[in-house]
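Q: Line by line, the protein sequences give chains A and X. If you're matching positions, the first sequence starts at 1 in our numbering and goes up one per residue. If you're matching positions, the second sequence starts at 1 in our numbering and goes up one per residue. The C-beta atom is built at its ideal place from N, Cα and C for all residues, glycine as well. Please read all numbers here as calculations on a predicted model, not as lab measurements.
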Amino acid sequence: MTYTDLSSINQTIEGFLQYPALVDKLFYVYILTAFFMIIALASFFEERRLYGKGNMLSSFAISSIGTIIISVFMLSLGLFTLTYEIMILTICLFLIVLWILKK
Amino acid sequence: MAFKDFFISFAIIGILVFAIFSFIITFQNDQDFKTKITDDALINNTFGSLQKNLRSMGDNATSQKEVFESETPTRGFGSLVLYSIVSTGKVFTGMIFGTFNILIKLPVNALGMSEELASVLVTITIILSIIGLWVLYKIGG
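#1: What residues in its chain sit with their C-beta under 8 Å from that of residue 6 of chain X, if we drop five residues either side in the sequence?
#2: From residue 75 of chain A to residue 26 of chain A, what distance separates their C-alpha atoms?
#3: Would you give the residue range spanned by the alpha helix (DSSP H) that residue 107 of chain X belongs to?
#4: Ends of the alpha helix (DSSP H) at residue 14 of chain X?
#5: Take residue 69 of chain A as the anchor and find which of A/85, A/14, A/3 and A/24 has the nearest alpha-carbon.
#6: With distance defined between alpha-carbon atoms, name the residue in A/24, A/101 and A/78 nearest to residue 35 of chain X.
#7: Using the beta-carbon count (16 or more within 10 Å), is residue 57 of chain X buried or exposed?
#8: Taking C-alpha atoms, which residue in X/110, X/74, X/68 and X/46 lies nearest to residue 84 of chain X?
#9: What three-state label does DSSP hand residue 72 of chain X in the structure shown?
#10: Could you give the C-beta distance for residue 67 of chain A and residue 35 of chain A, rounded to a whole number, given that I count them as a contact under 8 Å?
#11: Spatial neighbours of residue 98 of chain X within its chain, please: CB distance less than 6 Å, with the 5 preceding and 5 following residues excluded, ordered by chain position.
#12: May I ask which residues mark the beginning and end of the alpha helix (DSSP H) holding residue 43 of chain A?
#13: Under 7 Å, CB to CB, which of the residues in the segment 1–26 of chain X have a partner in chain A?
#14: Can you check which of these residues, A/43, A/13 and A/72, is closest to residue 27 of chain X by C-alpha distance?
#15: Within its chain, find whatever has a CB closer than 8 Å to the CB of residue 7 of chain A; leave out the 5 residues flanking it on each side and keep chain order.
#16: Quick one: what's got a C-beta closer than 7 Å to residue 48 of chain A's C-beta in the same chain, skipping five residues either side?
#17: What is the rounded straight-line gap between the Cα of residue 80 of chain A and the Cα of residue 32 of chain A?
#18: Please report the straight-line C-alpha distance between residue 111 of chain X and residue 87 of chain A, rounded to a whole angstrom.
#19: Using the rule of at least 16 other Cβ atoms within 10 Å of the residue's Cβ for burial, across every protein chain shown, is residue 28 of chain A buried or exposed?
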């Protein structure tokens, strides 16, 4: 069995970025989830600090818009498959729809 | 939620989802992607249906405006009676459900959302629109 190692990297910047995804297909999905949570929680706690009250749903919705844009860039670099992109897009759109209906 | 607010929320949702899809499709076409989001049948159908639904919105609104303008109001008990508001309500409820039915397919098919949950969401939307519509018929807003 041939293990994936650094010699498997395609000698381009895309190849370098794709390397973690060769080891774990969900690697960049985890990175996106972390990005989503950091933006959402930072937005929520900053809102709470400034106004004394935070809205978690609006923080999630705002974070979703950023996540969608980053995920499109990641898809362009081939960091994950179209199936994952559609799942990310659906979850983010669901949160945005919920936020607009709740307003 | 008032019927007017409910309809405006759904119109904004339709525009926003359409804008996000348009951004992704335009970006992918410009960058000449190998894997395009429109390769997926679900996204392709959703985008196409949403486009059709949003385009029909303007035509429907214009025709309802003409119906409303052509009607002569009659005097009712403490108010003016306009029957055209009933047809306006029916048309715009149809448009709310058009957008809703297009968008609910995404979580049901892509995430495997259960039919029971989808059914509960449909029920909530129906109840909200019926109550909103009744208030609209009764007191005009």
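A: The answer reads as follows:
#1: Stepping through the second sequence from its first residue, residue 6 of chain X is reached at position 6. Excluding residues up to 5 positions away in sequence, 96, 128, 129 and 132 lie with their Cβ nearer than 8 Å to the Cβ of residue 6 of chain X in the same chain.
#2: Within the first sequence, the letter at position 75 stands for residue 75 of chain A. Within the first sequence, the letter at position 26 stands for residue 26 of chain A. The alpha-carbon atoms of residue 75 of chain A and residue 26 of chain A are separated by roughly 13 Å.
#3: Locating residue 107 of chain X in the second sequence gives position 107, where the first residue counts as 1. Residue 107 of chain X -> alpha helix (DSSP H) spans 84–110.
#4: To locate residue 14 of chain X, count along the second sequence from 1; it is residue 14. Looking at the DSSP string, the run of the alpha helix (DSSP H) that includes residue 14 of chain X is 3–30.
#5: Along the first sequence, read from residue 1 onward, the residue named residue 69 of chain A stands at position 69. If we check each option's Cα against that of residue 69 of chain A, A/85 comes out closest.
#6: Translated into the one-based positions of the second sequence, residue 35 of chain X becomes position 35. Closest by alpha carbon: A/78.
#7: The residue labelled residue 57 of chain X in the question sits at position 57 within the second sequence. Looking at its Cβ environment, which holds 16 or more other Cβ atoms inside 10 Å, residue 57 of chain X is buried.
#8: Here residue 84 of chain X corresponds to residue number 84 of the second sequence, with the count starting at 1. Measuring C-alpha to C-alpha distances from residue 84 of chain X to each of X/110, X/74, X/68 and X/46 identifies X/68 as the nearest.
#9: Position 72 of the second sequence holds residue 72 of chain X. Residue 72 of chain X falls in the coil class under three-state DSSP.
#10: As a first step, residue 67 of chain A must be located in the first sequence, where it is residue number 67. As a first step, residue 35 of chain A must be located in the first sequence, where it is residue number 35. With a Cβ gap of about 6 Å, residue 67 of chain A and residue 35 of chain A count as contacting.
#11: Looking up residue 98 of chain X in the second sequence gives position 98. Short of 6 Å from the beta carbon of residue 98 of chain X, and not among the five residues preceding or following it, lie these beta carbons of its own chain, in chain order: 53.
#12: Along the first sequence, one-based indexing puts residue 43 of chain A at 43. In the DSSP assignment, residue 43 of chain A falls within the unbroken alpha helix (DSSP H) covering 27–51.
#13: Here the close residues are 9, 12, 13, 16, 17, 20 and 24.
#14: As a first step, residue 27 of chain X must be located in the second sequence, where it is residue number 27. Looking at the Cα atoms, A/72 is the closest of the given residues.
#15: By one-based count along the first sequence, residue 7 of chain A stands at place 7. Excluding sequence neighbours, residue 7 of chain A sits near nothing in its chain.
#16: The residue given as residue 48 of chain A occupies position 48 in the first sequence. Around residue 48 of chain A: 54.
#17: Translated into the one-based positions of the first sequence, residue 80 of chain A becomes position 80. Translated into the one-based positions of the first sequence, residue 32 of chain A becomes position 32. Taking the straight line joining both Cα atoms gives about 11 Å.
#18: On the second sequence, position 111 is the one that residue 111 of chain X refers to. On the first sequence, position 87 is the one that residue 87 of chain A refers to. When rounded, the distance between both Cα atoms is 6 Å.
#19: Reading the first sequence from its first residue, position 28 is the one you call residue 28 of chain A. Buried is the call here.
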